[in-house]
Structures are given as C-alpha cells and as structure tokens.
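A quick write-up on the structure given underneath.
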Amino acid sequence: MVSFDRRAWIPVPGIPVPASIHVPFDAPPGAPGEAPAASVIPIELYPTLKFTHVSLVVASITLFAARGAAVLAGRLWAMVRPVRMASVAIDTLLLAAGAGLWMQLSLQPVRDAWLGVKLVLLVVYIVLGSLALKRLRTRRGRALAYASALACYGWMASVALLHDPLGALRLLLP
Ligand code: HEM
16 MVSFDRRAWI
26 PVPGIPVPAS
36 IHVPFDAPPG
46 APGEAPAASV
56 IPIELYPTLK
66 FTHVSLVVAS
76 ITLFAARGAA
86 VLAGRLWAMV
96 RPVRMASVAI
106 DTLLLAAGAG
116 LWMQLSLQPV
126 RDAWLGVKLV
136 LLVVYIVLGS
146 LALKRLRTRR
156 GRALAYASAL
166 ACYGWMASVA
176 LLHDPLGALR
186 LLLP
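The sequence shown stops at residue 189 when you use my numbering, and every number in between is there.
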C-alpha cells in the first residue's frame with residue numbers, strides 16, 4: 016500500500032502517516048481520501064487566479080456602489096450602455112475566476128458549505144442589485160434594495176474570507 020500526504024496529495028512511499036489519513040493512493044473515484052482529479056487549470060496559477068478574483072470583487076462592488084448612489088441621486092450616467100457593459104464584463108470575469116478557483120480546489124458546494132452559501136447569496140445579491148438599479152420605481156424602495164445589496168455583498172465576502180457559511184455573523188455568536 017502506498018500512502019500519501021493528504022495536504023499535498025503527493026505519494027510518500029514508506030513514510031508512515033496517521034491511520035486517519037492512511038488511504039490507498041489508487042482509491043476508486045469517490046472513495047474516502049481519494050486524491051482530487053487533476054484540474055484543467057494548472058495549480059501554479061492559483062495565486063494569480065485568486066488575486067484576479069479578489070481584485071475583481073473589489074472592482075465590481077466599487078462600480079455597483081457608485082452606480083447605485085448615482086441612480087439614487089438621479090444621475091443618468093449610471094445606466095448608460097458603456098457603464099452597463101463595463102459592469103457585465105467585470106462581473107463575468109469575476110465569476111469565471113471564482114469558477115476557476117472552485118475547479119482548482121475541487122470544492123463541492125454541499126460539502127464545502129461556505130461556497131454553497133456564497134453561491135446562494137450571489138443570486139440574492141443579483142436580484143437586489145437589479146431591484147436597486149432599475150426594477151423598483153420608488154426612491155425609498157431603491158434605497159432599501161441598494162443598502163441590502165451592499166450588506167449582502169459584505170456578508171458574501173466575509174463568508175469567503177472566513178470559509179464559514181455564517182461569515183461575519185459568526186463573530187456575533189457567543
Ligand atoms: C460564481 C461565483 C463565485 C465562486 C464560484 C467563487 C469561488 C471562490 C473560491 C473557490 C475561492 C478560493 C477560496 C480559497 O482560496 O480557499 C474564492 C475566494 C474569494 N472569493 Fe469568491 N467566488 C465567487 C464569487 C465571489 C463574490 C461575488 C465575492 C464577493 C463578495 C467573492 C469573494 C471572495 C473573496 C474575498 C475570496 C478570498 C478568500 C480568501 O482570501 O481566502 N467571491 N472564491
């Protein structure tokens with residue numbers, strides 16, 4: 016039997032490891048301790064992909080915050096085509112980089128609940144953002160949706176940073 020170091024997924028012949036992580040290297044797919052399938056994106060690109068993802072996270076929320084504030088102030092630039100296209104481009108790249116990291120790390124949204132919660136919050140954020148920028152007609156409704164979207168985004172970021180489905184809410188628990 017060949018053991019492997021679970022942290023590095025590297026076979027370490029002859030080196031004893033604790034029983035809890037001593038698994039057959041050629042375990043069938045789905046077996047406990049099975050090594051993840053090699054990602055199509057080289058793992059060497061992980062730091063670059065993560066940096067890109069996080070940079071786009073900041074760019075995306077900065078643009079949304081500015082557009083939302085402009086809509087509330089009655090400025091027209093927030094909804095002109097080039098600005099809308101820039102927002103779509105940033106968000107598409109952001110999600111693509113997130114999906115790339117997801118694949119690289121072989122995460123599963125149910126097992127890795129922080130990712131599952133992040134994806135659900137992403138849908139909530141998109142709906143709130145759409146209500147804030149165009150769907151709602153009253154200024155009060157838009158302001159509420161805008162504030163809720165910003166809070167949702169912040170929660171999403173804290174879920175990602177803490178790798179915890181509760182995110183920043185965890186800090187409020189005793
Ligand atoms: C399709 C959407 C998304 C997917 C699949 C995704 C997935 C991921 C993955 C797999 C990581 C790497 C975690 C790690 O290195 O351990 C990550 C990091 C991160 N994501 Fe996302 N993400 C998405 C959208 C977002 C959004 C919208 C935000 C903004 C709130 C966000 C904020 C972050 C942050 C701040 C990190 C860095 C966490 C750290 O430093 O460990 N992500 N994301």
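Backbone N, C-alpha and C define an ideal beta-carbon position, used for all residues, glycine too.
Just so it is clear, the structure is predicted and the values come from calculations on it, not from any experiment.
Provide the residue span of the alpha helix (DSSP H) that contains S173, from first to last.
Indexing the sequence shown from 1 puts residue 173 at position 158. Run containing S173: R154 to L177, per the alpha helix (DSSP H) assignment.
Hey, would you say Q123 sits closer than 9 Å to Y61, going by beta carbons?
The sequence position of residue 123 within the sequence shown is 108, counting from 1. The sequence position of residue 61 within the sequence shown is 46, counting from 1. No, Cβ-Cβ distance for Q123 and Y61 is not below 9 Å.
For the pair the region 105-116 and the region 153-168, tell me if three or more CB-CB distances fall below 8 Å.
These segments do not touch.
Specify, as a first and last residue, the run of the alpha helix (DSSP H) that R96 falls within.
On the sequence shown, residue 96 is found 81 positions in, with the first residue counted as 1. Run containing R96: R96 to Q119, per the alpha helix (DSSP H) assignment.
From the DSSP output, in three-state form, read off A183 for me.
Taking the sequence shown and counting its residues from 1, one reaches residue 183 at position 168. In the structure shown, A183 sits in coil (DSSP, three-state: anything other than H, G, I, E or B).
In its own chain, which residues sit with a C-beta less than 7 Å from the C-beta of G144, not counting the 5 before and 5 after it?
Residue numbering aside, residue 144 sits at position 129 when the sequence shown is read from its first letter. The residues are F79 and A164.
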